[in-house]
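In my numbering, the protein residues as written are 260 to 354. Virtual Cβ for every residue (Gly too), placed ideally from N, Cα, C. A quick note: this is a predicted structure, and the numbers were derived from the prediction, not measured. What follows is one structure encoded as structure tokens, with my remarks underneath.
What follows is the structure in structure tokens.
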């Protein structure tokens, strides 16, 4: 989002200096607004998922989610060549 807003500000300056057409600024504004809308939609989806998780866990809607414990992932003992071979062998389009 920050990059889009920065791009929009750059486009504004370029238009003010006569280095770019107003269309460039308008296109950047449309893109900034599109990304802003998408972020709001994704934020709403996250909030709904959190509420559903709380419901499934039997928590009240106002209770915070607290994660406890550890998620230990054992190290993978495989070479790059072995990993590539396994990946290629499991690709259905190469079977």
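Per DSSP, the continuous alpha helix (DSSP H) segment holding residue 271 begins and ends at 261–275.
The beta carbons of residue 260 and residue 294 sit about 6 Å from each other, so the pair counts as a contact at 8 Å. Here residue 332 carries a coil assignment [DSSP, helix/strand/coil]. At a Cβ-Cβ threshold of 8 Å, residue 315 and residue 324 do not count as neighbours. With respect to the C-alpha of residue 298, the residue from 281, 351 and 263 having the closest C-alpha is 263. Residue 283: member of the alpha helix (DSSP H) spanning 281–316, first to last residue. For the pair residue 338 and residue 344, the Cα-to-Cα distance works out to about 10 Å.
For residue 326, the closest C-alpha among the options 340, 333, 336 and 309 is that of 309. Counting the other Cβ atoms within 10 Å of the Cβ of residue 291 gives 16 or more, which makes it buried.
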